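One structure is given below, encoded as structure tokens.
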Amino acid sequence: MGNKKVTPFPQGFLWGGALAANQVEGGWNKGGKGLSVQDVQAYKPHVDQKNLAAHVKVSLPQLLEAAKETDDTYFPKRRGVDFYHRYPQDLALFAEMGFQVLRVSISWPRLYPTGMETQPNPEGIAFYHRLFQEMRKRGIKPLITLAHYEMPLALALEWNGWTDRRVIDLFVRFCETCYKEYGQYTDLWLSFNEIDSCIRHPFTTAGIIPELCGEEGELGACYQALHHQFVAAAMVTKMLREMVPGAKMGCMLTKLTTYPRTCAPDDMIATQARELENLSYADIMVFGEYPRLILRRIEKKGITIRMEPEDEGILREGTVDYVSFSYYMSMTESVDPNAERTPGNTVLGVKNPYLESSEWGWQVDPVGLRYSLVELYDRYKKPLFIVENGLGARDTLEADGSIHDPYRIEYFRRHFEEMAKAIDDGVELIGFTSWGPIDIISASSNQMSKRYGFIYVDQDDLGKGSLERYRKDSFYWYKKVIETNGADLD
Ligand code: BG6
Numbered sequence: 002m003g004n005k006k007v008t009p010f011p012q013g014f015l016w017g018g019a020l021a022a023n024q025v026e027g028g029w030n031k032g033g034k035g036l037s038v039q040d041v042q043a044y045k046p047h048v049d050q051k052n053l054a055a056h057v058k059v060s061l062p063q064l065l066e067a068a069k070e071t072d073d074t075y076f077p078k079r080r081g082v083d084f085y086h087r088y089p090q091d092l093a094l095f096a097e098m099g100f101q102v103l104r105v106s107i108s109w110p111r112l113y114p115t116g117m118e119t120q121p122n123p124e125g126i127a128f129y130h131r132l133f134q135e136m137r138k139r140g141i142k143p144l145i146t147l148a149h150y151e152m153p154l155a156l157a158l159e160w161n162g163w164t165d166r167r168v169i170d171l172f173v174r175f176c177e178t179c180y181k182e183y184g185q186y187t188d189l190w191l192s193f194n195e196i197d198s199c200i201r202h203p204f205t206t207a208g209i210i211p212e213l214c215g216e217e218g219e220l221g222a223c224y225q226a227l228h229h230q231f232v233a234a235a236m237v238t239k240m241l242r243e244m245v246p247g248a249k250m251g252c253m254l255t256k257l258t259t260y261p262r263t264c265a266p267d268d269m270i271a272t273q274a275r276e277l278e279n280l281s282y283a284d285i286m287v288f289g290e291y292p293r294l295i296l297r298r299i300e301k302k303g304i305t306i307r308m309e310p311e312d313e314g315i316l317r318e319g320t321v322d323y324v325s326f327s328y329y330m331s332m333t334e335s336v337d338p339n340a341e342r343t344p345g346n347t348v349l350g351v352k353n354p355y356l357e358s359s360e361w362g363w364q365v366d367p368v369g370l371r372y373s374l375v376e377l378y379d380r381y382k383k384p385l386f387i388v389e390n391g392l393g394a395r396d397t398l399e400a401d402g403s404i405h406d407p408y409r410i411e412y413f414r415r416h417f418e419e420m421a422k423a424i425d426d427g428v429e430l431i432g433f434t435s436w437g438p439i440d441i442i443s444a445s446s447n448q449m450s451k452r453y454g455f456i457y458v459d460q461d462d463l464g465k466g467s468l469e470r471y472r473k474d475s476f477y478w479y480k481k482v483i484e485t486n487g488a489d490l491d
């Protein structure tokens, strides 16, 4: 008894995992679902998997062609890992690990196939009732993301996605349906996943197609679309409070913590610019207004965002209750044009000599998580929720069905230790959901072989495999972490 470890995590801390409908469900043409922007995202085996630009590039002819395709071999997000049919089994495995919370997203085109219908698709509605009822049975609370990179394709093709203000009303209608139907299952909600990502992958985040952007150009279209998303997010935040009393809405930021490569003042200025840009997205949703410095930066790019007179009030009235974020890696910045660069989460940063990188070049930095937690809490003074974190790696399924992934255990252990330090620093951290607790399709590369899970799924990049699920070594380790509320990280 004497050496029983004491947990640094508060009582009621929520442990679990996070998924996105488009990466996990499959069933792309089942139950009346419409095509989403993800269903036309092709897996490209011969492009450099570290070259983000090659992955996010879309063109109108190619999208129209993809929309006609009925085979899913090269469109992995159409098949996901068949969560659409296998969710009871998967939830049983999550429950076995002791999950208290599971972050899932609701596919907009499953409820509104083109986004423009006035009534939701009953089969889509019924699917999420089944899912949430099963979660309830297992004692797992849903944390629901309303928009995780999956707008109806029709809205992209016909209106150039979120650049068109009319999309706000359609999204509000979708959210109203979600609250009415599923408000009974949870009090935890998120509006837009990584709202900042619009600039990095305009098509999957906001349905923006280069050929459909007018004089404002693609970057101008991105800022316009972002503005519409901020307004929509504020509207549905206010609506959540009215329709689901006691429910809480969070914002969701890709936390791209950046250090100066050297202490040269110019490196510091370049780093500060990156940091402020990254934080500005959460600033708008927490403080209810655009930071002046960011407005100036947009203006200097020659971009004018069209805003309606009522927008200011809408943003002010729809601020969030908590701040959530994804954290995988950190970057450094330098003004030296020859500084060696390395990919991160849909970004390219300067290489940090003190850090090791994953196979995909992402720089693993647990201490950066503590830094980020302290920075975010000090800035916003709102409860924080880490809703994505994890290591994408190649795993080997052994002949006896075991998977030995000490690298993943090590990654999480080191991040949990830093979370504990941040809590000790005084940060109010309310939960942690690991990214992809079961192997899923990669958002950026459409690969299956980039695996994050505690549970292995037998499927390769081209969809071959039994789809059987296997427990990895990390499965048992995470189970113990949850059981002891983070006291036992050995
Ligand atoms: C986050 C996204 O940015 O990173 C997820 O919200 C994504 O959808 C995750 O899957 C990991 O990225 P990737 O490209 O390795 O799947």
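Residues in the sequence shown are numbered consecutively from 2, following this note's numbering. Glycine included, every Cβ here is placed at the ideal spot set by N, Cα and C. All values derive from a computational prediction rather than experimental measurement.
Query                                                                                                                                                                  : Result
At 4 residues or longer, what runs of the alpha helix (DSSP H) sit wholly inside the segment 149-221?                                                                  : 154-160, 167-183, 203-207
Does the beta-carbon of T485, which I'm using as the reference point, lie nearer than 8 Å to any heavy atom of the ligand BG6?                                         : no
On the CB-based measure, 16 or more other CB atoms within 10 Å of its CB, does Y477 come out buried or exposed?                                                        : exposed
With DSSP as the reference, identify every bridge partner of Y260, one or two as the case may be.                                                                      : T333
Taking 8 Å as the limit between beta carbons, can you name the residues of its chain near F14, skipping five residues before and five after?                           : L430, I431, G432, F433, N486, G487
For Q364, which of helix, strand or coil comes out of DSSP?                                                                                                            : strand
Confirm, please, whether the CB-CB distance from T71 to N30 is below 9 Å.                                                                                              : yes
Which ranges would you report for the alpha helix (DSSP H) in the segment 340-405 if only whole runs of at least 4 residues count?                                     : 367-381
For F326, name the three-state secondary structure that DSSP assigns.                                                                                                  : strand
Give the DSSP bridge partners of R470, in chain order.                                                                                                                 : V458
I'd like to confirm something about E1: is its beta-carbon nearer than 8 Å to some heavy atom of the ligand BG6, or not?                                               : The requested residue 1 does not occur in the structure, where the chain is confined to residues 2 to 491.
Does the beta-carbon of H86 have 16 or more other beta-carbons within 10 angstroms, so that it is buried, or is it exposed?                                            : exposed
Suppose the cutoff is 7 Å on Cβ atoms and the five residues either side in sequence are ignored; what does the same chain contact list for T492 look like?             : The requested residue 492 does not occur in the structure, where the chain is confined to residues 2 to 491.
Go ahead and pull the three-state DSSP assignment for G3.                                                                                                              : Confidence at G3 is low in this model, with a pLDDT of 48, below 50, so the placement of that residue is unreliable and no value is reported for it.
Roughly how many angstroms separate the alpha carbons of A234 and R137, rounded to a whole number?                                                                     : 27 Å
Are the Cβ atoms of L316 and V232 separated by less than 9 Å?                                                                                                          : yes
Going straight from the alpha carbon of W436 to that of G125, what length do you get?                                                                                  : 24 Å
Where do the N-terminal and C-terminal ends of the beta strand (DSSP E) with A19 fall, by residue?                                                                     : 15-19
Measuring alpha carbon to alpha carbon, tell me which of G454, A423, R298, M240 ends up nearest R275.                                                                  : R298
Need the endpoints of the beta strand (DSSP E) that F433 sits in, please.                                                                                              : 430-436
At a cut-off of 8 Å, would you count E195 as near the ligand BG6, judging by its Cβ distance to the nearest heavy atom?                                                : yes
On the premise that T187 lies in contact with I145, defined as a C-beta separation below 8 Å, what is that separation, rounded to the nearest angstrom?                : 6 Å
Can you list the alpha helix (DSSP H) stretches of 4 or more residues lying completely in the segment 247-309, in chain order?                                         : 266-288, 293-301
Quick check on this structure: which residue in A96, L36, R395, V38 has the alpha carbon closest to the alpha carbon of K481?                                          : A96
Using the rule of at least 16 other Cβ atoms within 10 Å of the residue's Cβ for burial, across every protein chain shown, is A157 buried or exposed?                  : buried
By a C-beta neighbour count over all protein chains shown, 10 Å radius and 16 as the cutoff for buried, is P62 buried or exposed?                                      : exposed
Is it right to say K301 is buried, meaning 16 or more other beta carbons lie within 10 angstroms of its own, or is it exposed?                                         : exposed
Assess, as a yes-or-no matter, whether the segment 302-313 is touched by the segment 360-371 under the definition of 3 or more beta carbon pairs within less than 8 Å. : no
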